[in-house]
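Residue 129 is where the sequence shown starts when you use this note's numbering, and the numbers rise one by one after that.
Structure first, then comments.
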Amino acid sequence: MNKRELKSAIFVLMFLSGALMLRAQPEAYFVHYGAEDGLPQHTITDILQDRNGFMWFSTWDGLSKFDGYTFTTYHLPSSNTVESNSSRIDHLYEDKYNNIWTLSYDNQAYRFDVQTESFLGTSTIEDFKEHSFSASQIIPMKSGRVWLLSEEEGCISINDSLYNTTLFNTLKHNLTDNGVNSIYEDNALNTWILTNGGLTLIPSGGSGSLFFFHPLSKSSFKEKMPFFTVFESGDELWFGSDNGVVWKYDQNNGTFTQLATEISSDIITIREVSSEKMVIVSKLSGFVIYNKYDGSMEFYNSQTLPNMKSDRIYTCYIDHSKNIWFETELLGVSRFNPYRKSFIHFTPYIESTETSVFPPNFFIFEDKEERLWVHPRGGGFSIYDQTEDALIPFYNEPFSPKWMFSNMMHAAYSDRQGNLWMCTRSHGLE
129 MNKRELKSAI FVLMFLSGAL MLRAQPEAYF VHYGAEDGLP QHTITDILQD RNGFMWFSTW
189 DGLSKFDGYT FTTYHLPSSN TVESNSSRID HLYEDKYNNI WTLSYDNQAY RFDVQTESFL
249 GTSTIEDFKE HSFSASQIIP MKSGRVWLLS EEEGCISIND SLYNTTLFNT LKHNLTDNGV
309 NSIYEDNALN TWILTNGGLT LIPSGGSGSL FFFHPLSKSS FKEKMPFFTV FESGDELWFG
369 SDNGVVWKYD QNNGTFTQLA TEISSDIITI REVSSEKMVI VSKLSGFVIY NKYDGSMEFY
429 NSQTLPNMKS DRIYTCYIDH SKNIWFETEL LGVSRFNPYR KSFIHFTPYI ESTETSVFPP
489 NFFIFEDKEE RLWVHPRGGG FSIYDQTEDA LIPFYNEPFS PKWMFSNMMH AAYSDRQGNL
549 WMCTRSHGLE
């Protein structure tokens, strides 16, 4: 394969080595792959390493596999069996059986069988032969099930490697509401479907759907309410609902208890920070740090934290040092330390703030060396220097002497070998 070190190009990947120096770049060796190497298209939207070590890339023109030497591209089929109006793939997932699942730009879900090198879509399901199933999410489970979620049509369970399916929707009377927000498989392999109108429990024994927070609920909670997130903590499941309410489900006795917070909007994330602390994040009203030992709560928003300029939160990430990172509606990224109670918002310098050209694309992850990589909302791909509490541009600070490529990313990924793969949003330096 033609591999060469470049000073300016579309960097599809780079190999990373060396240690992070304070206020300095990690030592790096860059390798470029492009159309001449077999990539079908220069825009890569998602990257995944499967359990066998192969790299997979979703592009605007199909699915591409890299075996370390060559790229092989597979295009979404268009036939009487599977049809897609778009060859653009936005997201990738791997299931228990090593199948690669793709979610296309037009919300079509496909399973790619790596053995037969063939796609299978939802149009093979009897109920969707006349119209397509519009998937909003794909969630593979540890049991082997794969769930296809919809915002309006319920959800589909792909039960096994043979593509046997079960449909869940209100017409089949096995789902509380057709608006599905999330699905979770607990440690006992029970499945919980979180909808806009209650909870649906599918016991691992397969005894049928049980409803909660629904008029048909067998419990005392019959008023419909939405659920957005769930977290399993010991023998409890914590469900986030609207109006700042968290419902705790005791798996031993099957009962729900209410935990009210000072939050007034939807609870969108519940995560464990440490053995002592949990973070409860709202959509529009800030967040709460909950102490599991004494039940105390510390409420934070733009009124209580001077550096917090927005209460609108989209996502959060907890790093290995217990820092909590927030994507808010502002360009950049926010970091909160729950022990020092310090909040800071980072706004890297980016080439363009025109979001219609470069829509917000936030992502954050840690590599095998526990280095934290951040692509803030709007751009500015950086590595976090914990000692200096600063985001360091990674060879991409605009107009600097070390500016090698755009700091606005489509995707980045750290594989198990420690290589960092990335695709920028430009053709290089212009």
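By construction, the Cβ of each residue, glycine as well, lies at the ideal position given by its N, Cα and C atoms.
Beta-carbon proximity of residue i to residue j, cut-off 8 Å
i: S534; j: T552; result: yes
i: P504; j: P476; result: yes
i: M353; j: F341; result: yes
i: F349; j: G368; result: no
i: Y442; j: W453; result: no
i: T319; j: D305; result: no
i: Y421; j: E404; result: yes
i: S186; j: L167; result: no
i: I228; j: D178; result: yes
i: I398; j: V373; result: no
i: L303; j: I321; result: yes
i: V416; j: E457; result: no
i: Y225; j: G272; result: yes
i: F182; j: D195; result: yes
i: S206; j: G190; result: no
i: V274; j: D223; result: yes
i: T250; j: F240; result: no
Rounded straight-line distance, which links the Cα of residue j to that of residue i
i: V461; j: G506; result: 9 Å
i: V210; j: S232; result: Low confidence applies to V210: its pLDDT is 49, below 50, so where it sits in the model is not reliable, and the reading given next is rough at best. Those two C-alpha atoms are separated by around 13 Å.
i: F261; j: A518; result: 44 Å
i: Y312; j: V358; result: 7 Å
i: Y238; j: S278; result: 14 Å
i: V110; j: A316; result: The displayed coordinates of the chain run from 129 to 558. Any statement about residue 110 would go beyond what the structure contains.
i: N292; j: D394; result: 35 Å
i: R544; j: L204; result: 28 Å
i: D234; j: I172; result: 16 Å
i: P526; j: F491; result: 20 Å
i: D407; j: I472; result: The question names Asp, yet the displayed sequence has Val at residue 407. Straight-line Cα distance between these residues: approximately 17 Å.
i: L597; j: N429; result: The requested residue 597 does not occur in the structure, where the chain is confined to residues 129 to 558.
i: Q514; j: N381; result: 44 Å
i: E280; j: G325; result: 12 Å
i: S392; j: E245; result: 49 Å
i: V93; j: V409; result: In the structure as shown, the chain starts at 129 and stops at 558, and residue 93 therefore has no counterpart that could be examined.
i: Y161; j: W184; result: 14 Å
i: N371; j: S413; result: 10 Å
i: G334; j: T328; result: 13 Å
i: F256; j: Q236; result: 12 Å
i: P331; j: M532; result: 53 Å
i: M425; j: A388; result: 10 Å
i: W188; j: Y221; result: 17 Å
i: F199; j: E400; result: 40 Å
i: E254; j: T201; result: 29 Å
i: E479; j: M536; result: 8 Å
i: R463; j: L276; result: 33 Å
i: S347; j: F384; result: 9 Å
Nonlocal neighbours in the same chain, by C-beta distance under 7 Å from residue i, ignoring five residues either side
i: S402; result: K450
i: W366; result: V358, F359, V374, K376, I398
i: S510; result: P476, V502, L519, I520, P521, F522
i: N419; result: E404, K405
i: F493; result: W501, S542
i: Q386; result: V373, W375
Cut-off 6 Å between Cβ atoms - residues of its own chain near residue i, not counting five sequence neighbours on either side
i: Y541; result: I175, W549
i: K530; result: Y523
i: D314; result: E360
i: P343; result: K350
i: Q379; result: D363
i: K411; result: S393, D394, I396
i: F593; result: The shown model of the chain, from 129 to 558, leaves out residue 593, and the question about it has no answer.
Residue-chain proximity (residue i, chain C), Cβ-Cβ < 8 Å
i: S186; result: Checking the listed chains, one finds no chain C in this structure; it contains a single protein chain.
Close-in-space but distant-in-sequence residues of the same chain around residue i (CB under 8 Å, 5 per side omitted)
i: H538; result: T171, I172, T173, N489, C551, T552, R553
i: A163; result: Q169, H170
Inset, instruction - Report yes or no: do the region 493-500 and the region 427-438 share at least 3 C-beta pairs separated by less than 8 Å? - result: The count of Cβ pairs closer than 8 Å, one atom from the region 493-500 and one from the region 427-438, stays below three, leaving the stretches out of contact.
Legend entry - Segments of 3+ residues assigned as beta strand (DSSP E) that fall wholly inside the region 411-473: 415-419, 425-428, 441-446, 452-456, 461-465, all fully within the region 411-473.
Inset, instruction - Tell me, please, whether the region 256-268 touches the region 296-305 by the rule of three or more beta-carbon pairs shorter than 8 Å. - result: No, the region 256-268 does not touch the region 296-305.
Inset, instruction - Please list the segments of the beta strand (DSSP E) lying wholly inside the region 270-327, counting only runs of 3 or more residues, in order along the chain. - result: Taken in chain order, the unbroken stretches of beta strand (DSSP E) that lie wholly in the region 270-327 and span 3 residues or more are 274-277, 283-286, 293-296, 308-313, 319-323.
Inset, instruction - Entirely within the region 240-266 and at least 3 residues each: give me those beta strand (DSSP E) ranges in chain order. - result: Within the region 240-266, the complete beta strand (DSSP E) runs of at least 3 residues are 246-249.
Legend entry - Contiguous alpha helix (DSSP H) assignments of at least 4 residues, all confined to the region 369-400: Within the region 369-400, no run of alpha helix (DSSP H) at least 4 residues long lies entirely inside it.
Legend entry - Continuous beta strand (DSSP E) assignments of at least 3 residues falling wholly in the region 152-219: Listed in chain order, the complete beta strand (DSSP E) runs (minimum 3 residues) inside the region 152-219 are 156-159, 172-177, 183-187, 190-194, 199-202.
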